[in-house]
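Engineer:
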Amino acid sequence: MKVVVTAQQPHLDSPVDARFGRAVCFIVVDPDTMDHRVVVNNPDAAGGAGIGAGKTVIDTGAKVLLTGNCGPNAFRTLRAGGVEIYTGLTGTVRQAVEQYKAGRLTPAADASVQTHAGTGPQS
């Protein structure tokens with residue numbers, strides 16, 4: 004199974020990017036082996052960033068997304084693609100995957116932010 008984590012930089016020790024649709028990149032991880040690859044996102048998209056990022060994640064074949072926040076359009080896109088979404092993640096990509104593997108996360112029932120929430124600078 005594959006897990007996707009939003010990342011600010013293209014490696015496992017990168018901080019988790021809190022903005023799903025505007026994340027710099029996605030790290031696609033096999034949680035059993037920690038083998039991974041990087042998928043570059045388009046964080047500067049003029050519009051529809053969440054939907055586009057959702058389609059990118061679905062195209063990786065991942066069934067789990069770990070991120071800081073996820074807006075409503077992206078949330079609906081991901082759920083329609085069969086992706087389980089976990090929000091509120093902080094720390095590094097590696098730490099997020101370890102939390103998932105340990106069963107310490109709860110799937111999100113809905114979007115964690117409103118539309119266009121991630122268009123400003125990341126804090």
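All residue numbers for the sequence shown refer to the working numbering, where the first residue is 4 and numbers rise by one.
Heads up, the beta-carbon is just placed ideally off N, CA and C, and yes, glycines get one too.
1) Looking only at its own chain, which residues have a Cβ that is under 7 angstroms from the Cβ of His14, when we skip the five neighbours before and after it?
2) Please give the ranges of any beta strand (DSSP E) in the region 13-61, keeping only runs that are unbroken, at least 3 residues long and fully inside the region.
3) Can Val67 be considered in contact with the ligand GTP, in the sense that its beta carbon sits closer than 7 angstroms to one or more heavy atoms?
4) Which of helix, strand or coil does DSSP assign to Thr9?
5) Which whole-angstrom value is the C-beta distance of Gly91 and Gly71, which I expect to be below 8 angstroms?
6) Ordered along the chain, which non-local residues of its own chain (more than five positions away) have a Cβ less than 6 angstroms from that of Val67?
7) Among Asn76, Ala48, Val96, which has the Cα closest to the Cα of Asp113?
8) Between the C-alpha atoms of Gln125 and Glu101, what's the straight-line distance to the nearest angstrom?
9) Have a look at Asp16 and Gly57 and give me their C-alpha separation to the nearest angstrom.
Structural biologist: So, to answer that:
1) none
2) 28-32, 39-43
3) Among the components of this structure there are no ligands whatsoever, and the ligand GTP is therefore not found.
4) DSSP places Thr9 in strand when its eight states are reduced to three.
5) 7 angstroms
6) In chain order, Val6, Glu87 place their CB closer than 6 angstroms to the CB of Val67, counting only its own chain and leaving out the 5 sequence neighbours on each side.
7) Asn76
8) Confidence is the limiting factor: at Gln125 the pLDDT is only 46, short of 50, which leaves the residue's position unreliable and the question unanswerable from this model.
9) If I take the Cα positions, the gap works out to 23 angstroms.
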